[in-house]
Amino acid sequence: MVRKVNTFKGEGPLKNGIGTYRAGELYGIIKISEANCVGCHTCSGVCPTGAIKGSFGDKHSIDVEKCIVCGQCLLNCPFGAVEQMSFVDMVYEKLKDKKTKVVAIIAPAVRVAIGEEFGAEPGTLTVGRLWAALEKAGFLIYDNNFAADQTILEEGTELLAKVAAHAGLKELPIELWGKKITLHVEEFKKYPLPQFTSCCPAWVRYVEVFYPRLIPYLSSAKSPQQMAGATAKTYGARLWNVRPENIFTVGVMPCTAKIFEASRPEFDSASKYLKKQGMKDVDTVLTTRDLAELLKKMNIDPMKMSEEVSRKPEMFKFYSGGATIFGTSGGVMEAAVRFAFHVLSGQSPQSMSPQWDFDGVRGYTKPVASATIPVPLKEEYQKVFGAKELQIKVCVVNGIGTDGAHLKPIVDEVLTGKSPYHFIEVMNCPGGCINGGGQPVHPLELTLWDQLFYAFSKII
Amino acid sequence: MDIKGVSRRTFLKLAGAGLITLSFTKPTFAGDTKEKNFFETKVGKERLKLIKARQSGQYKDDVISREKFNMAASHENPMIKRFYTEFAHHPLSELSESLLHTHYKARV
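From first to last, the protein sequence lines stand for chains A and B. In terms of the working numbering, the first sequence opens at residue 560 and continues consecutively. In terms of the working numbering, the second sequence opens at residue 253 and continues consecutively.
Here it is in structure tokens:
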């Protein structure tokens, strides 16, 4: 059984910057309710940044300056004492407004968890019926898996450009869809290797607050959510034949940090591109739980709909295997390696070929996974790289870990110039987005002894 | 808590016993911070089943995308090809850089 999480309405974006927050950003997205906190200290044991104040037995609170909004405390609090800022009412109102086209940007990990809010087993794959439910509620669909494919094209090409630049090349010819493009890679030499992924908004905030020296290593590619928002209001508006200012984009995310990410002031690139003031690329975010609440409010149950909706080549819905595994630790890495393998080798194995499976990077239950992937080079590249194959060295950090325990050894290597890797994936949450702070909450099981203990500690 | 029917004496005894055990035993998840690997913590062990179930859902979707729609890798998505052909030109193009790339801000 999943637990209902308490939510509250925020006070809106900050008018002025404060501490580690800039004007326009949302502040205090996660908070601990003093009334419900028994001081069990579980949250401190899962917090990646040591942002939780209070020792065992005391009421706990969150140091918002250090908080990276990952929501692991919320997910794991045995007493449901951690609460989340919610925008369900805002989206509900927008759906009623006939002038507005509300676009749902559905993250990969939502489709394996939303069913749990409607009584299904954990992990039940919900794609066609989730689309159907959202369309019934009045949303247009921009599957974030499509944006994950966009992300791989951008982030993967960026990685190849950096690797080529550091190998001393000035230009890198790339062949995509039978077309040749020459990338001028010299300027990428200023970016050091390894490249870090930038999809996880909690990780990005972690870098900005705790390791600003790592900023040059972060991929410049936006996260899929932000690529989706910017694309929806430009190219999407054109395809849908809607005025961009009448599009309201809603990230549907397994994540509480995505609520923060959408509020970052620089994410108004559709506005800049269209030279129209005041549009945000992603207007607001619902967590998986929030979406379930909204659908219940509208009496829509996706599990009563048919999953057998045919997926067909349709804009913003069609997606690859590489895209959908973004939701699990190691997925972004595997998708990027699949792309890089194709570009470098010129090979296109059959889609079910095990050549597309890079098991070594799958996070599973290891805190850190690393692998060396030998990629055969096509003839043209053999000359420029002076080798028959390229050994791509990659690393996957499966959750930052308590007080950064999983991550710190990897970061130390990078900062001391000893990192052997080309590319490092970091996801804040152990397991990846599937275990994100916005997902349905399955309360930790307390023993009878635990329950007695807390009942007793309440009365004394 | 309803303490009617419990004599003052019994209550004090219970309270005393409680205090003693409180000082010796911590509940299951309390202050579980000593382990370096999340998956070996008590919370991590509890979460494993859920993580594995959802993970297998994601890999199942990978197989569907590959088996039924012949798309293992991102560039094989014909809609991605269309997006670049009709709009963004190619990865890292000027347009891509302006709409699909960003920068970061030190927050210290």
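Glycine is no exception: its CB is placed at the ideal position from the N, C-alpha and C atoms. Predicted, not measured: the structure shown is a model, and the values here were computed from it.
Whole-angstrom distance between residue j and residue i, CA atom to CA atom
{"i": "A/Phe885", "j": "A/Tyr1013", "result": "39 Å"}
{"i": "A/Arg688", "j": "A/Lys863", "result": "8 Å"}
{"i": "A/Asp708", "j": "A/Ala821", "result": "20 Å"}
{"i": "A/Ser888", "j": "A/Pro783", "result": "16 Å"}
{"i": "B/Met253", "j": "A/Thr1006", "result": "Interpretation of B/Met253 is limited by its pLDDT of 47, a score under 50 that renders its predicted location unreliable; the figure taken from the coordinates is listed afterwards. B/Met253 and A/Thr1006: Cα-Cα distance of roughly 20 Å."}
{"i": "A/Lys977", "j": "A/Val970", "result": "10 Å"}
{"i": "A/Glu652", "j": "A/Ala692", "result": "17 Å"}
{"i": "A/Pro771", "j": "A/Tyr580", "result": "15 Å"}
{"i": "A/Leu850", "j": "A/Met786", "result": "21 Å"}
{"i": "A/Val744", "j": "A/Glu730", "result": "5 Å"}
{"i": "A/Ala829", "j": "A/Lys839", "result": "7 Å"}
{"i": "A/Phe646", "j": "A/Phe875", "result": "24 Å"}
{"i": "A/Gly578", "j": "B/Asp314", "result": "42 Å"}
{"i": "A/Gln1010", "j": "B/Ala269", "result": "16 Å"}
{"i": "B/Thr277", "j": "A/Pro637", "result": "18 Å"}
{"i": "A/Tyr765", "j": "A/Lys855", "result": "34 Å"}
{"i": "A/Val650", "j": "A/Glu675", "result": "22 Å"}
{"i": "A/Asp584", "j": "A/Trp690", "result": "For clarity, residue 584 of chain A is Glu in the given sequence; the question names Asp instead. Answer to the nearest angstrom: the Cα atoms are 30 Å apart."}
{"i": "A/Ala582", "j": "A/Lys574", "result": "5 Å"}
{"i": "B/Leu300", "j": "B/Thr293", "result": "11 Å"}
{"i": "A/Met827", "j": "A/Arg848", "result": "According to the sequence displayed, residue 827 of chain A carries Asp and not Met. Distance between the alpha carbons of A/Asp827 and A/Arg848: 26 Å."}
{"i": "B/Leu347", "j": "A/Lys835", "result": "17 Å"}
{"i": "A/Leu684", "j": "A/Asn635", "result": "23 Å"}
{"i": "A/Ala594", "j": "A/Gly609", "result": "22 Å"}
{"i": "A/Asp962", "j": "A/Thr566", "result": "26 Å"}
In DSSP terms, what residue i is bridged to
{"i": "A/Glu948", "result": "A/Pro935"}
{"i": "A/Lys835", "result": "DSSP lists no partner for A/Lys835."}
{"i": "A/Met857", "result": "In DSSP, A/Met857 forms no bridge with anything."}
{"i": "A/Leu845", "result": "A/Val811"}
{"i": "A/Lys590", "result": "A/Glu642"}
{"i": "A/Arg670", "result": "A/Arg670 is not bridged to any residue."}
{"i": "A/Ala551", "result": "As displayed, chain A neither begins before 560 nor continues past 1019, which places residue 551 of chain A out of reach and without an answer."}
{"i": "A/Lys660", "result": "A/Ile806"}
{"i": "A/Tyr701", "result": "A/Ile664"}
{"i": "A/Ser620", "result": "A/Lys612"}
{"i": "A/Leu983", "result": "Position check: residue 983 of chain A holds Ile in this sequence, whereas Leu was assumed. Answer is A/Phe755, A/Cys954."}
{"i": "A/Glu730", "result": "A/His743"}
CB-CB length for residue i against residue j, believed under 8 Å
{"i": "A/Leu719", "j": "B/His327", "result": "With 8 Å as the limit, A/Leu719 and B/His327 do not qualify as a contact, their Cβ atoms being about 12 Å apart."}
{"i": "B/Ala324", "j": "A/Gly881", "result": "6 Å"}
{"i": "A/Val505", "j": "A/Val669", "result": "Any question about residue 505 of chain A goes unanswered here, given that chain A covers just 560 to 1019."}
{"i": "A/Val956", "j": "A/Val985", "result": "4 Å"}
{"i": "A/Tyr776", "j": "A/Val973", "result": "7 Å"}
{"i": "A/His981", "j": "A/Ile951", "result": "6 Å"}
{"i": "A/Ala666", "j": "A/Ile591", "result": "That pair is no contact at about 26 Å."}
{"i": "A/Ala663", "j": "A/Val809", "result": "5 Å"}
{"i": "A/Ile993", "j": "A/Ala672", "result": "7 Å"}
Closer than 8 Å to chain A by CB, residue i
{"i": "B/Met253", "result": "Note that B/Met253 scores a pLDDT of 47, beneath 50, so its modelled location is shaky; the value from the coordinates is reported in the next line. Cβ-Cβ to chain A under 8 Å: yes for B/Met253."}
{"i": "B/Ala358", "result": "yes"}
{"i": "B/Leu302", "result": "yes"}
{"i": "B/Arg260", "result": "no"}
{"i": "B/Gly296", "result": "yes"}
{"i": "B/Lys312", "result": "yes"}
{"i": "B/Leu264", "result": "no"}
{"i": "B/Gly309", "result": "yes"}
{"i": "B/Glu346", "result": "no"}
CB contact below 8 Å: residue i versus chain B
{"i": "A/Glu939", "result": "no"}
{"i": "A/Asp708", "result": "yes"}
{"i": "A/Glu734", "result": "no"}
{"i": "A/Asp827", "result": "no"}
{"i": "A/Asp1072", "result": "Because chain A in this structure spans residues 560 to 1019, residue 1072 of chain A falls outside the shown range and cannot be described."}
{"i": "A/Leu633", "result": "no"}
{"i": "A/Val763", "result": "yes"}
{"i": "A/Pro933", "result": "no"}
{"i": "A/Ala789", "result": "yes"}
{"i": "A/Ile591", "result": "no"}
{"i": "A/Asn703", "result": "no"}
{"i": "A/Pro572", "result": "no"}
{"i": "A/Pro637", "result": "yes"}
{"i": "A/Ala964", "result": "yes"}
{"i": "A/Ser910", "result": "yes"}
{"i": "A/Gly890", "result": "yes"}
{"i": "A/Pro926", "result": "yes"}
{"i": "A/Glu767", "result": "yes"}
Closer than 7 Å: residue i CB and nearest the ligand MN heavy atom
{"i": "A/Ser830", "result": "This structure does not include the ligand MN; it has no bound ligands of any sort."}
Suppose only complete runs of 3+ residues qualify. What are the beta strand (DSSP E) ranges in the stretch 285-311 of chain B, listed by chain order? Listed in chain order, nothing qualifies, since the stretch 285-311 of chain B has no complete beta strand (DSSP E) run of 3 or more residues.
What runs of the alpha helix (DSSP H), each 4 residues or longer, lie entirely inside the stretch 732-786 of chain A? The alpha helix (DSSP H) runs lying completely inside the stretch 732-786 of chain A and spanning 4 residues or more are 760-769, given in chain order.
Along the stretch 587-620 of chain A, what residues have a CB closer than 7 Å to any CB found in chain D? You won't find chain D in this structure, because its protein chains are A and B.
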